[in-house]
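> Encoded as structure tokens, here's the structure I'll be asking about.
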Ligand SMILES: Nc1ncnc2c1ncn2[C@@H]1O[C@H](COP(=O)(O)OP(=O)(O)O)[C@@H](O)[C@H]1O
Ligand SMILES: [Mg+2]
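In this note's numbering, the protein residues as written are 881 to 1334.
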């Protein structure tokens, strides 16, 4: 901005000043010509007959002092003021061309002057000769006008600049003030304060920014609260078996009966196993958090093979309860994109629940079917069923239904289905529960996307 104004002013000033100089020089040249005329008229016989009065009249000027000199064709002084020098022109000047004159700066009586020198032909005593007539003028008026031009051009430009600067500053300040205000509010905030930012009467764009920020804060708040709840619940889950272990140890220490001690140790063993199971579940859940998602690799894998392998690992558990546990369906293999380790956990948790919540001598069956572009895994049991009211909550962390015993064989931490849900989401799979008769049997369906053929 400043640059433009400086360039613009300089250009305007240069233009104005050139015009001024040319006009003044032209005027001075006219005076020189008139003087040459007076000189020619009055000194036909003798140089000293020159009409001094006319010259004085011609050179009288209210603003500036004027001087003149008449010099011969070699520049030697003849008449007028000795100080007014002749400087030869770079070109040959034609005395008959009124536009031909030489102009230069000089000093006369220690004053800065502008000098115009013109050639003229004249005969004194019938001897025709070439003379140079110089008229010098101090530069008061020239400078005064130069200042005027400067003032006329530069001052308005400077005012314009200042005005523009103030305007821009004002506009920027007004435009930025909500942002600065918002910034101050954010700086003043404690990291613990997750309430929405309240900022009113702001432009629409800022309002959007604040809304987005508030949404982010709300999500953060939810995430933090859920983490806190998780830690709290997890601690709770670990505390119960640990307290059991401590109590058993105390009882064993107080007892002298080896059989009793043996029994206590066996209980400690059971509780420790349960503790390890819970810890493993917790670790598995933390590994299936969304932020862990990028680290897991998704490969094309056979879901039938994986399911059968998982079932093998649970045969002994089903056997203990004499449960009829089998794979039904005739698909030899079917491919989906997934992470094998995670999918093992998903199938394992569903099967474990089915076996756990089915009474002895019951049935648990697994099938895999293709449905258009989807692969459906179904786990069916003839167990307790899930009450309608519980169905919406069973996937929540640490939720345990009223249909199951809170201790003994049914004991669990309520994490299994939360893991299943996370892993399914990770694979963009959906889950459905079918527990039509809420008391007898449950079916879990998991719908995967079929892997694209190569
Ligand atoms: N196959 C099933 N039959 C009946 N209830 C089930 C079944 N699977 C899950 N549930 C219910 O869902 C709840 C949550 O299951 P889960 O998250 O695996 O935790 P846990 O098995 O440790 O209780 C269980 O407590 C139970 O009430
Ligand atoms: Mg479970």
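For every residue, glycine included, the Cβ atom is placed at its ideal position computed from N, Cα and C.
Since we're looking at a predicted model, the values are computed, not measured.
1) How far does the alpha helix (DSSP H) with residue 1228 in it extend, from its first residue to its last?
2) So if I measure from each beta-carbon to every heavy atom of ligand 2 and keep distances below 5 Å, which residues remain?
3) Less than 8 Å between the CB of residue 1284 and some heavy atom of ligand 1, yes or no?
4) Grouping DSSP H, G and I as helix and E and B as strand, with all else coil, what is residue 1273?
5) Within 8 Å, do at least three Cβ pairs link the stretch 924 to 936 to the stretch 901 to 909?
6) Does the beta-carbon of residue 881 have 16 or more other beta-carbons within 10 angstroms, so that it is buried, or is it exposed?
7) Helix, strand or coil for residue 1061 per DSSP?
8) What does DSSP give as the partner residues of residue 943 in its beta bridges?
9) On the three-state DSSP scale, how would you describe residue 1295?
10) Return the residue from the list 1071, 1070, 1038, 1082 that minimises the CA-CA distance to residue 1057.
11) Less than 9 Å between the C-beta atoms of residue 996 and residue 914, yes or no?
12) For residue 1130, name the three-state secondary structure that DSSP assigns.
13) Can you find a heavy atom of ligand 1 that lies under 8 Å from the Cβ of residue 1240?
14) Sort 1245, 1132, 1073 by Cα distance to residue 1207 and report the nearest one.
15) DSSP state of residue 1248, grouped into three classes?
16) With burial defined as no fewer than 16 other Cβ atoms inside 10 Å of the residue's Cβ, what is the status of residue 1339: buried or exposed?
17) Assuming residue 1001 and residue 1008 form a contact by the criterion Cβ under 8 Å, report the distance between their Cβ atoms to the nearest whole angstrom.
18) Measure the CB-CB distance between residue 1012 and residue 966 and report whether it falls below 9 Å.
19) Tell me the residue span of the beta strand (DSSP E) that contains residue 1008.
20) Is any heavy atom of ligand 1 found at a distance shorter than 8 Å from the C-beta of residue 1311?
21) Any heavy atom of ligand 1 inside 8 Å of the beta-carbon of residue 1216?
22) Are there three or more Cβ pairs, one per stretch, closer than 8 Å when the stretch 1245 to 1261 is compared with the stretch 1318 to 1334?
23) I'd like the list of long-range same chain contacts for residue 974, defined as Cβ closer than 8 Å, with 5 residues on each side in sequence excluded.
24) For residue 1302, name the three-state secondary structure that DSSP assigns.
25) Going along the chain, which unbroken runs of the alpha helix (DSSP H) with 4 or more residues stay wholly within the stretch 1135 to 1161?
26) Could you give the DSSP three-state label for residue 1323: helix, strand or coil?
27) Taking 8 Å as the cut-off, is the C-beta of residue 1237 nearer than that to any heavy atom in ligand 1?
28) Identify which residue in 1217, 1254, 1192 has its Cα closest to the Cα of residue 1228.
29) By Cβ distance, which residues of its chain are closer than 7 Å to residue 1175, with the 5 residues on each side in sequence left out?
30) Consult DSSP for residue 1182 and reduce its assignment to one of helix, strand or coil.
31) Measuring CA to CA, which of 923, 1096, 1238 is closest to residue 1006?
32) In the DSSP assignment, what residue or residues form a beta bridge with residue 1328?
33) Quick one: using the 10 Å Cβ neighbour count with 16 as the cut-off for buried, is residue 953 buried or exposed?
34) Taking a contact to mean a Cβ-Cβ separation below 9 Å, would you say residue 1281 touches residue 1117 in this structure?
35) Could you pull the DSSP bridge partners for residue 928 from this structure?
36) Should residue 1023 go down as buried or exposed, given a rule of 16 or more other Cβ atoms within 10 Å for buried?
If we stick to the structure as given:
1) 1220 to 1236 is the extent of the alpha helix (DSSP H) around residue 1228.
2) Those residues, listed in chain order, are 1233, 1292, 1296.
3) At least one heavy atom of ligand 1 sits closer than 8 Å to the Cβ of residue 1284.
4) Under the three-state reduction of DSSP, residue 1273 is assigned to coil, being neither helix nor strand.
5) Contact between the stretch 901 to 909 and the stretch 924 to 936 is absent, because fewer than three Cβ pairs lie under 8 Å.
6) Looking at its Cβ environment, which holds fewer than 16 other Cβ atoms inside 10 Å, residue 881 is exposed.
7) Reduced to three states, the DSSP call for residue 1061 is helix.
8) Partner(s): none; residue 943 has no beta bridge.
9) Residue state, collapsed to three classes: coil.
10) Checked all of 1071, 1070, 1038, 1082; the closest Cα to residue 1057 is 1082.
11) In this structure, residue 996 sits away from residue 914, with a CB-CB distance that is not shorter than 9 Å.
12) In this structure, residue 1130 counts as helix in the three-state DSSP scheme.
13) Not one heavy atom of ligand 1 falls within 8 Å of the beta-carbon of residue 1240.
14) For the options 1245, 1132, 1073, the alpha carbon positioned closest to that of residue 1207 is the one of 1245.
15) DSSP, reduced to helix, strand and coil, places residue 1248 within a strand of the structure shown.
16) Any answer about residue 1339 is impossible in this case: the structure gives the chain only from 881 up to 1334.
17) Indeed, because the Cβ distance is near 6 Å, the residues count as touching under 8 Å.
18) Their beta carbons are under 9 Å apart, which means residue 1012 touches residue 966 by this criterion.
19) Per DSSP, residue 1008 belongs to the beta strand (DSSP E) from 1007 to 1018.
20) Incorrect: residue 1311 has no Cβ contact closer than 8 Å to ligand 1.
21) With a cut-off of 8 Å, the C-beta of residue 1216 is classified as distant from ligand 1, since no heavy atom of the ligand falls inside that distance.
22) Contact annotation: the stretch 1245 to 1261 touches the stretch 1318 to 1334, with at least three C-beta pairs closer than 8 Å.
23) Within its own chain, the residues whose Cβ lies closer than 8 Å to the Cβ of residue 974, once the five positions on either side in sequence are excluded, are 980, 999, listed in chain order.
24) Helix, per DSSP.
25) Those alpha helix (DSSP H) runs which fall completely within the stretch 1135 to 1161 and span 4+ residues do not exist here.
26) Reduced to three states, the DSSP call for residue 1323 is strand.
27) Yes, the beta carbon of residue 1237 sits closer than 8 Å to at least one heavy atom of ligand 1.
28) Residue 1192 is the option with its Cα nearest to residue 1228.
29) Low confidence applies to residue 1175: its pLDDT is 47, below 50, so where it sits in the model is not reliable, and the reading given next is rough at best. So the list is empty, once near-sequence residues are dropped.
30) Strand, per DSSP.
31) That would be 923, whose Cα lies nearest to the Cα of residue 1006.
32) Paired residue(s): 1255.
33) Classified as exposed, residue 953 has fewer than 16 neighbouring CB atoms from the shown chains inside 10 Å of its CB.
34) No, the Cβ-Cβ distance between residue 1281 and residue 1117 is not below 9 Å.
35) DSSP lists no bridge partner for residue 928.
36) Per the 10 Å Cβ criterion, exposed.
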